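Worksheet: one structure, shown below.
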Amino acid sequence: MRMSRRPKRPTRGSSTRRTPSSTGTDARASATRDDSPCLCGLPASYGECCGRFHSGTAAAPTAERLMRSRYSAFAVNNEPYLLSSWHPATRPSRVGLDPAMRWAGLEILASTEGSAFHTTGTVTFRARYTRRGEEGALHERSRFERYEGAWVYVEGSLVE
-12 MRMSRRPKRP TRGSSTRRTP SSTGTDARAS ATRDDSPCLC GLPASYGECC
38 GRFHSGTAAA PTAERLMRSR YSAFAVNNEP YLLSSWHPAT RPSRVGLDPA
88 MRWAGLEILA STEGSAFHTT GTVTFRARYT RRGEEGALHE RSRFERYEGA
138 WVYVEGSLVE
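Going by this note's numbering, the sequence shown opens with residue -12, and the numbers climb by one from there.
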């Protein structure tokens, strides 16, 4: 996911960081329990899906799975994972996650290459969000490459 400087679009580092509710629980913490549904939209638990990539116990096998895991990382405010899954040539020094962002769903629209047999791939997606009560969507085509054997995010371009 990339950074956009337009005021009505989310920034590259936008997240769903949520403030504790009146009961004192943090919604992000419950979203990352190993047995909770994964935020990326695949029919698996967080622990079986993106959680294992976030913890470093497994590497995303395809560009699309890396895209999904990065979406989940934005949703749970996991800046270390976002930085580690970014190509060093384009990686910023920090992500600058936006605590006002609430990521609401990911839709993969297309992907090209990006399998175990490729060295590059693209994923076109739409990520829905709310920010300060306003709903929106980030529609982006992201480019991925293999770097030192692992898939990494290189850059993205907004799709209008």
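For every residue, glycine included, the Cβ atom is placed at its ideal position computed from N, Cα and C.
All figures in this text were calculated on a predicted structure; none of them were measured in a lab.
Ala124: member of the beta strand (DSSP E) spanning 121 to 134, first to last residue. In this structure, Tyr116 sits away from His74, with a CB-CB distance that is not shorter than 8 angstroms.
Its chain contains His41, Ala60 as the residues whose beta carbon lies nearer than 7 angstroms to that of Tyr68, once the 5 sequence neighbours on both sides are disregarded; these appear in chain order. Distances from the alpha-carbon of Asp21 to those of Cys27, Leu29, Cys36 put Cys36 closest.
If you check the CB distance, Thr107 and Glu132 come in under 8 angstroms. Under DSSP, Ala114 takes part in a beta bridge, and its partners are Leu93, Leu125.
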